[in-house]
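All remarks here apply to the structure that follows.
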Amino acid sequence: MTTPDLAMPRPATPALAMFLALLLGATCIGFSGVFVRYADVGPAAAGFWRMIFALPVLAAWTALEGRDRLAPALGSRALWPIALAGLAFAVDVTLYNASLGFTTIANASLLGNLSPVVVVLAAWLLLGETPTCRVLGALMLAVAGGLMLVLPQLAAASATPAAANGIFGDTLAVGAAIAYAGYILAIRRARDLAEAGLISLVSSALCAVFCLAAALVLGETILPQSLQGWLAVAALGLVSHALGQGLITLALGHYGAGAASLVMVWPALVSVLAAWALFAEQPGPAQAFGGVAILAAVLLVRRG
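For the sequence shown, counting from 1, position 164 maps to 839 in my numbering; every step adds exactly one.
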């Protein structure tokens, strides 16, 4: 329940503008798999650099929101959900980045974006956000579209000696989806108590600490070894995180957790198209139909 004297006042914002912000943020995140493929560091290290390059942008965003709001927010109950968001996102990016070493970008992106299934159920059971019939219908459509995207690749993988690696990668991506669901719910709670820029800044700083610790424990390569590697981790930070995750955090203050997270299936389609163009991971007819189903789900959420 929101504490009245800590809740931050929000100006009225057009619903269309918030939906477009949500969609643009999800599109930026859709390219994260491509950037990770071009990076020459370990999975957790890639997450660390993603946060480091995003922090200056997020700090500027927080400054624009007003320094007078910073101390009260950090001293409030908002700190705990923000810290939880940072930890959950560190687990998410590490598992997702690791999955790309074992499975396709399409598989990793789709399974990693199945978090709406977890979020809708958790928001219903824990936050009392009963989903509308339209949101439930869109959710089922999105899941069906997701299955159409991933099943052909899973079937092909099962006939090859690399099947075990593919299954392991898919399992890591599912773990990332669960972690991202926790991130969405924590951000949703924090947005009742603090501004979007502050949440993104503090959670990203904590995420960087968690990722660096994991990279050191796992003995990963931390420093990029080439110009391509540096450009890739910079793009992760500036495009996928500062712009993508920042817009999503902003929009979550105007949408329910279930409806907002459902739009997060959009990055899977973006990832499939990007992988097709850059890595010749060509989608089949079933995957194409799955993409259409996801687009239809996004439109249903817009109307819901």
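Each residue gets a CB set at the ideal place from its N, CA and C atoms; glycine is no exception.
I'd like the list of long-range same chain contacts for residue i, defined as Cβ closer than 7 Å, with 5 residues on each side in sequence excluded.
{"i": "W905", "result": "P899"}
{"i": "Y858", "result": "A760, A763, F764, D767"}
{"i": "S901", "result": "D715"}
{"i": "A696", "result": "L922, L925, A926"}
{"i": "L953", "result": "V709"}
CA-CA distance, residue i and residue j?
{"i": "P942", "j": "A961", "result": "18 Å"}
{"i": "G722", "j": "A734", "result": "18 Å"}
{"i": "L893", "j": "L948", "result": "32 Å"}
{"i": "V795", "j": "P806", "result": "7 Å"}
{"i": "A955", "j": "I780", "result": "11 Å"}
{"i": "A692", "j": "G787", "result": "26 Å"}
{"i": "P731", "j": "G821", "result": "35 Å"}
{"i": "L918", "j": "G700", "result": "6 Å"}
{"i": "P782", "j": "A972", "result": "Sequence check: residue 782 is Asn here, not Pro. N782 and A972: Cα-Cα distance of roughly 19 Å."}
{"i": "L975", "j": "L775", "result": "30 Å"}
{"i": "I862", "j": "I757", "result": "7 Å"}
{"i": "F843", "j": "L739", "result": "43 Å"}
{"i": "L814", "j": "Q920", "result": "21 Å"}
{"i": "A871", "j": "F694", "result": "16 Å"}
{"i": "A773", "j": "G850", "result": "11 Å"}
{"i": "T720", "j": "A819", "result": "This sequence places Ala at residue 720; Thr is not what is there. Whole-angstrom Cα-Cα distance: 34 Å."}
{"i": "L770", "j": "A888", "result": "14 Å"}
{"i": "R712", "j": "L868", "result": "37 Å"}
{"i": "A690", "j": "G812", "result": "21 Å"}
{"i": "L913", "j": "R752", "result": "29 Å"}
{"i": "A856", "j": "A963", "result": "26 Å"}
{"i": "A883", "j": "S946", "result": "24 Å"}
{"i": "A880", "j": "C886", "result": "10 Å"}
{"i": "R864", "j": "S878", "result": "13 Å"}
{"i": "L698", "j": "Q903", "result": "28 Å"}
{"i": "L911", "j": "A848", "result": "18 Å"}
Can you list, in chain order, the residues of its chain whose CB lies under 8 Å from that of residue i, leaving out five sequence neighbours each side?
{"i": "S915", "result": "C703, I704, F706, S707, F710, R725"}
{"i": "I853", "result": "S790, V793"}
{"i": "W951", "result": "Q957, P958"}
So, for residue i: in the same chain, excluding its five sequence neighbours on each side, which residues have a beta-carbon less than 6 Å away from its beta-carbon?
{"i": "L944", "result": "G966, I969"}
{"i": "P686", "result": "The predicted model places P686 with a pLDDT of 46, which falls under 50 and marks its position as unreliable; any figure quoted below should be read in that light. For P686, where only same-chain residues beyond five positions count, there are no Cβ hits under 6 Å."}
{"i": "T846", "result": "none"}
{"i": "A909", "result": "F728"}
{"i": "G717", "result": "A890, E895, T896"}
{"i": "W736", "result": "G872"}
Taking the beta carbon of residue i as the centre, do at least 16 other beta carbons fall within 10 Å, making it buried, or is it exposed?
{"i": "L876", "result": "buried"}
{"i": "A926", "result": "buried"}
{"i": "A797", "result": "buried"}
{"i": "W755", "result": "exposed"}
{"i": "Y823", "result": "First, the amino acid is wrong: residue 823 is Met here, not Tyr. Burial call: buried."}
{"i": "C808", "result": "exposed"}
{"i": "L891", "result": "exposed"}
{"i": "P684", "result": "Here the model assigns P684 a pLDDT of 44, short of 50, so the residue's position is not dependable, and the following value carries that caveat. Counting Cβ neighbours within 10 Å, P684 comes out exposed, since fewer than 16 surround it."}
{"i": "A907", "result": "buried"}
{"i": "A817", "result": "buried"}
{"i": "L800", "result": "exposed"}
{"i": "L785", "result": "buried"}
Counting only C-beta atoms, is residue i closer than 8 Å to chain D at any point?
{"i": "L898", "result": "Reference to chain D is not applicable here, since this structure consists of a single protein chain."}
| Quick one: complete alpha helix (DSSP H) runs, 4+ long, within the region 761 to 792? | 780 to 787
| field | Within the region 882 to 912, ranges of the alpha helix (DSSP H) (whole runs, at least 4 residues) | value | 902 to 910
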